[in-house]
Amino acid sequence: MEVDDDHSKAQTSSNLPKNPTELCERTFITFENDIDDKVFNSVFKPKRISPKRSTVCALTGLPARYFDPVTKLPYRSIQAFKILREAYYMQLEEKGNPNNPEVAKWLEWREMVKENRLKLKNSNSNA
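So the sequence shown is residues 8 to 134, counted in our numbering.
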């Protein structure tokens, strides 16, 4: 790597322009014999390109206000959120791995919640 150090061209304060926006400096770094940019990429980490999230609600087609971190889908209202989560829960019940202890525990809890909702609904309809 070569560095040009030329002090003979140094400007004195009388030679400097009065408007600081007129000053400009550029620094060039040359990486020689850098096959496949290995050294360059180790010094200057490449920027990660994040995928652009959709800003349209997956259910209503309207502009989304919120983003569900579990389903990774945008939604507009609490009703849309409840529908998204219920669809997620149904998928988990159908395709979830019951051999996984966490999923098995959740499936038991989900079944209990469903039974309690059904009992509550039946008791309200009988009253």
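Just so it is clear, CB atoms sit at the ideal spot from N, CA and C, and this is done for glycine as well.
For residue i, does the three-state DSSP call read helix, strand or coil?
{"i": "residue 41", "result": "coil"}
{"i": "residue 63", "result": "strand"}
{"i": "residue 76", "result": "coil"}
{"i": "residue 55", "result": "coil"}
{"i": "residue 124", "result": "helix"}
{"i": "residue 105", "result": "coil"}
Whole-angstrom Cβ separation of residue i and residue j, contact assumed at under 8 Å?
{"i": "residue 92", "j": "residue 83", "result": "About 14 Å separates the two Cβ atoms, so there is no contact after all."}
{"i": "residue 67", "j": "residue 87", "result": "6 Å"}
{"i": "residue 117", "j": "residue 100", "result": "7 Å"}
{"i": "residue 114", "j": "residue 108", "result": "That pair is no contact at about 11 Å."}
I want to check one thing, is the minimum distance from the CB of residue i to the heavy atoms of the ligand SAH below 8 Å?
{"i": "residue 105", "result": "Looking for the ligand SAH in the displayed structure turns up nothing, as the structure carries no ligands at all."}
Do residue j and residue i come within 9 Å of each other at the CB atom, strictly closer than that value?
{"i": "residue 62", "j": "residue 76", "result": "no"}
{"i": "residue 38", "j": "residue 44", "result": "yes"}
From the DSSP output, which residues share a beta bridge with residue i?
{"i": "residue 82", "result": "73"}
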